[in-house]
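Q: One structure coming up, written as structure tokens, with questions to follow.
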Amino acid sequence: MTSVKPTLAVWKFASCDGCQLTVLNLEDDLLPLAGEIDIAHFLEATRATVSGPYDLSLVEGSITTPHDAERIREVRAASRTLITIGACATSGGIQALRNFANVEEFLQIVYARPEYISTLANSTAIAEHVPVDFELRGCPIDKGQLVEVVTAFLAHRRPNIRNHSVCVECKKRGTVCVTVAHGTPCLGPVTQAGCGALCPSYARGCYGCFGPAETVNSPSLTSRFKELGVSEADLVRSFRTFNANAPAFREISEAHEPRT
Amino acid sequence: MVVRVRDGKVQDVELSIYEPPRFFEAFLRGRRFTETPDITARICGICPVAYQMSACLAMENICGVTVDGAIADLRRLLYCGEWIESHSLHIHLLHAPDFLGYPGAVEMAKDHRDIVERGLRLKRAGNDILNLLGGRSVHPINVRIGGFYSAPSRQDLAVLRETLLRARDDAVATVRWCATLEFPEFSQDYTYVALQHPDIYPIMEGRIGVSDGSSFEVSAFDDHVVEEHVEHSNALHARLSDGRSYMAGPLARYALNGQLLSPLAREAAADAGLGLICNNPFQSIIVRAVETLYACDEAVRLIDHYEVPERSFLEVQPRAGVGYGATEAPRGILYHRYQTDGDGIIEDARIVPPTSQNQVRIEEDLRSFVQSRLELADEELTWLCEQAIRNYDPCISCATHFLDLKVVRE
Chain Y
1 MTSVKPTLAV WKFASCDGCQ LTVLNLEDDL LPLAGEIDIA HFLEATRATV
51 SGPYDLSLVE GSITTPHDAE RIREVRAASR TLITIGACAT SGGIQALRNF
101 ANVEEFLQIV YARPEYISTL ANSTAIAEHV PVDFELRGCP IDKGQLVEVV
151 TAFLAHRRPN IRNHSVCVEC KKRGTVCVTV AHGTPCLGPV TQAGCGALCP
201 SYARGCYGCF GPAETVNSPS LTSRFKELGV SEADLVRSFR TFNANAPAFR
251 EISEAHEPRT
Chain V
1001 MVVRVRDGKV QDVELSIYEP PRFFEAFLRG RRFTETPDIT ARICGICPVA
1051 YQMSACLAME NICGVTVDGA IADLRRLLYC GEWIESHSLH IHLLHAPDFL
1101 GYPGAVEMAK DHRDIVERGL RLKRAGNDIL NLLGGRSVHP INVRIGGFYS
1151 APSRQDLAVL RETLLRARDD AVATVRWCAT LEFPEFSQDY TYVALQHPDI
1201 YPIMEGRIGV SDGSSFEVSA FDDHVVEEHV EHSNALHARL SDGRSYMAGP
1251 LARYALNGQL LSPLAREAAA DAGLGLICNN PFQSIIVRAV ETLYACDEAV
1301 RLIDHYEVPE RSFLEVQPRA GVGYGATEAP RGILYHRYQT DGDGIIEDAR
1351 IVPPTSQNQV RIEEDLRSFV QSRLELADEE LTWLCEQAIR NYDPCISCAT
1401 HFLDLKVVRE
């Protein structure tokens, strides 16, 4: 029996390309990885494309146009396993801030000729359109977690990605709590781990780029933010960034939005 | 991309950019001024530092704060990391395979493994700077208005210095290697636009210079550059106010500031056969390699002069006003303008990325490039057009890996 290497495809929807770049940032692991997997479709790396089906598709970006809503169905149909990578693909990304506003007004602000632009009123996660086998969080995703997910796929096992909060990672690496020690507002208690608790280790509060952790105690966090002098408007802003449309974050920001 | 040909003459070239709109300038309204480095970084995962730095300069401009000394040096060092990372990526993974006839770097590595590995090593050296100073290479977390959340120690940087010395050797070899590539016969009479400074090869310093000898303050950008919205593309098209198209990026920086490169970089450029100005856009790969070498050299210099600042950032209080910031992203000038109220809440934002400045020029290049190669089969022509677009290292670089060329011969 001859062994055929599994095929990998990387797809881009509305995004900044940063999560795809994380694939290229594997650097030392990149060429060995290319030895185990056939990179069949990855426009950031090669013009060569092999038509599907693909064994593994990594999908970056959110759905923001009618054309992309159609394209993701084709990608799903051509993929045995589909894994979404990054905040755009898993929650709609920063461009989901339009979901809280009027997209027509947004068009007027940015484009001189809004009629040339085709766009949807909302930016949505891939999983709202097609079934997804695994969602890898982060804005951007973490390199180590990406390796784990691809390795797990090759070994036919579930990826070992934990959904506890950033606080656990701070404890693990011995970082002193920035809120307790310095009174710095920090989204760590409600944000999923995965970055290695980067921000607190640089003396700043977590800003939630990995999206909500599994269990979010929002009343406790929001009352602590108020004690620290965070205004209601800034509280809303802090939950309306890269994972604004993730249900748990959306709930918090909507609960604190000033009523008009 | 559509090329219209009538009676053997190219009538029209239209490059369409399908990047779906994300409305940054719209949702920045109502955000706090301190949020701009993190928010605008997300415009581009390949040059987030450029967005962070232009945003910082614009906000500090409103608030009347000038960051200098060790903090400014750290910013320049961080930016060198992005130049090294982005240029190495473009040279080895995107552009070189075009020249050698491979669809991509993975295929190229089968025959030229040492060259691809050298490229990846260089790229990692850039990422090492970004990781240390920024926390991570894509969307660094350590940048704030006024400086950094935390500053590295001299010991931290000493480790980096060793890596950069090796990277500098790799960069010298890369310049030499790029010079051996075969370049299509093609040169254009460009108008170049880049930051210009009397003393230093500009990354985030100086005025905006034009190759006709004129220059203007960053705050006058809107008077000198106009953007138009054309039907066939989601990217806006920029021109100088007198209607001229222009080129931003490595060739422009080199033409306007080449004499300010480090001696080692100047020597490598001369050995590679570059004159004082390079008008063949295909040779931008050499200029990118020269800039990579410069960035390694400059990073070592900055590390050698580094003293840990007393505080890692300056306090910046919000003010009502309008502020401007322009820095040299790897692919050219990145301009930000903001208007804030007295609480530092953004009322208006304008961001002009390098790709929209270069787009008119890309179309003009393609027009004259295709004109002299109309006899080629569409497949070969498509390959060459992709390569010609990649000369500009557009943010849509990867999209152009799948150029859908239509030649309409009427």
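In order, the protein sequence lines correspond to chains Y and V.
Residue numbering for the first sequence follows this note's numbering, beginning at 1 and increasing consecutively.
Residue numbering for the second sequence follows this note's numbering, beginning at 1001 and increasing consecutively.
C-beta atoms are modelled at their ideal positions from N, C-alpha and C, and glycine is treated no differently.
Model, not experiment: these values are computed from the prediction.
On the three-state DSSP scale, how would you describe M1(Y)?
A: Low confidence applies to M1(Y): its pLDDT is 39, below 50, so where it sits in the model is not reliable, and the reading given next is rough at best. If DSSP states are grouped into helix, strand and coil, M1(Y) belongs with coil.
Q: Using DSSP bridges, identify the partner residues of E1228(V).
A: H1237(V)
Q: Let me know if V1287(V) comes out buried or exposed under the rule of 16 or more other beta-carbons within 10 Å of its beta-carbon.
A: buried
Q: Determine contact between the stretch 162-178 of chain Y and the stretch 198-205 of chain Y, defined as no fewer than three beta-carbon pairs at a distance below 8 Å.
A: These segments touch.
Q: Give me, in chain order, the residues of the same chain whose beta-carbon lies closer than 6 Å to that of A1041(V); leave out the 5 immediate sequence neighbours on both sides.
A: P1048, Y1051, Q1052 and H1139
Q: Taking the alpha helix (DSSP H) that I1084(V) belongs to, which residues open and close that run?
A: G1069 to S1088
Q: Quick one: using the 10 Å Cβ neighbour count with 16 as the cut-off for buried, is S220(Y) buried or exposed?
A: With fewer than 16 other Cβ atoms from the protein chains shown falling within 10 Å of its own Cβ, S220(Y) counts as exposed.
Q: Taking C-beta pairs closer than 9 Å, name the residues in chain V that C199(Y) reaches, listed in chain order.
A: G1135, I1141, N1142 and Y1149
Q: What does the Cβ neighbour count give for L1256(V), buried or exposed, with the cut at 16 atoms within 10 Å?
A: Label assigned to L1256(V): buried.
Q: Give me the subset of the stretch 78-98 of chain Y whose CB atoms are less than 7 Å from a CB atom of chain V, sorted by chain position.
A: I94, Q95, L97 and R98
Q: DSSP state of I63(Y), grouped into three classes?
A: Reduced to three states, the DSSP call for I63(Y) is strand.
Q: Among G1325(V), L1089(V) and D1068(V), which one has its Cα closest to the Cα of E1307(V)?
A: D1068(V)
Q: Determine the burial state of N245(Y): buried for a count of at least 16 other Cβ atoms within 10 Å of its Cβ, exposed for fewer.
A: Under this definition N245(Y) is a buried residue.
Q: Please report whether the beta-carbon of T64(Y) lies at a distance below 9 Å from any beta-carbon of chain V.
A: yes
Q: Using CA atoms only, rank isn't needed, just tell me which of S223(Y), Q20(Y), K226(Y) and I72(Y) is closest to C139(Y).
A: The shortest C-alpha to C-alpha distance from C139(Y) to any of S223(Y), Q20(Y), K226(Y) and I72(Y) is the one to Q20(Y).
Q: Please confirm if V103(Y) has its CB atom under 9 Å from at least one CB of chain V.
A: yes
Q: Suppose you measure from the CA of Q192(Y) to the CA of I161(Y); what does that come to, to the nearest Å?
A: 10 Å
Q: Which residue comes first and which comes last in the alpha helix (DSSP H) that contains G144(Y)?
A: Taken as a continuous stretch (DSSP letters only), the alpha helix (DSSP H) holding G144(Y) covers K143 to L154.
Q: So what does DSSP say about P189(Y), is it helix, strand or coil?
A: helix
Q: Count the other C-beta atoms from every protein chain shown that fall within 10 angstroms of the C-beta of A14(Y), then say buried if there are 16 or more, exposed otherwise.
A: buried
Q: Looking only at DSSP bridge pairs, what is S15(Y) linked to?
A: The partner list for S15(Y) (beta bridge, DSSP) is empty, contrary to what the question assumes.
Q: What number of angstroms, rounded off, separates the C-alpha of A1289(V) from the C-alpha of C1278(V)?
A: 14 Å
Q: Touching or not, the stretch 81-97 of chain Y and the stretch 205-214 of chain Y, by the rule of three or more beta carbon pairs under 8 Å?
A: The stretch 81-97 of chain Y is in contact with the stretch 205-214 of chain Y.
Q: Quick check: what's the CA-CA separation for H1112(V) versus H1305(V)?
A: 38 Å
Q: Could you pull the DSSP bridge partners for E1014(V) from this structure?
A: V1002(V)
Q: Which same chain residues, not among the five before or five after N1391(V), have their C-beta less than 7 Å away from its C-beta?
A: P1281, F1282 and S1284
Q: Using only alpha-carbon positions, find the residue among S1372(V), E1227(V) and D1393(V) that is nearest to H1237(V).
A: E1227(V)
Q: Using a 10 Å radius around the Cβ and a threshold of 16 neighbouring Cβ atoms, would you call D55(Y) buried or exposed?
A: buried
Q: Consult DSSP for A246(Y) and reduce its assignment to one of helix, strand or coil.
A: coil
Q: Residues of the stretch 107-122 of chain Y with a CB closer than 7 Å to any CB of chain V: list them in chain order, please.
A: Hits within the stretch, in order: I109, V110, Y111, A112, R113, Y116, I117 and T119.
Q: Apart from the five residues just before and just after E1363(V), which ones in its own chain have a Cβ nearer than 8 Å to its Cβ?
A: V1013, E1014 and L1015
Q: At the 9 Å Cβ level, is M1(Y) part of the contact set with chain V, yes or no?
A: Reliability of the predicted coordinates at M1(Y) is poor, the pLDDT of 39 falling under 50, and the value obtained from them is presented with this limitation in mind. Taking Cβ atoms only, chain V never reaches closer than 9 Å to M1(Y), which makes this a no.
Q: By the criterion of Cβ-Cβ separation under 8 Å, what are the contact partners of F225(Y) in chain V?
A: The premise fails here: F225(Y) is roughly 15 Å from chain V at the closest Cβ pair, so nothing lies under 8 Å.
Q: Return the Cβ separation of E1185(V) and G1126(V) in integer angstroms, given the expectation that the two are a contact with Cβ distance under 8 Å.
A: Between G1126(V) and E1185(V) the Cβ distance is about 32 Å, and since that is not below 8 Å, they are no contact.
Q: Would L154(Y) and P258(Y) qualify as a contact pair, given that the criterion is a beta-carbon distance under 9 Å?
A: no
Q: Excluding sequence positions up to five away, which residues of its chain have a Cβ less than 8 Å from the Cβ of D133(Y)?
A: T81, L82 and I83
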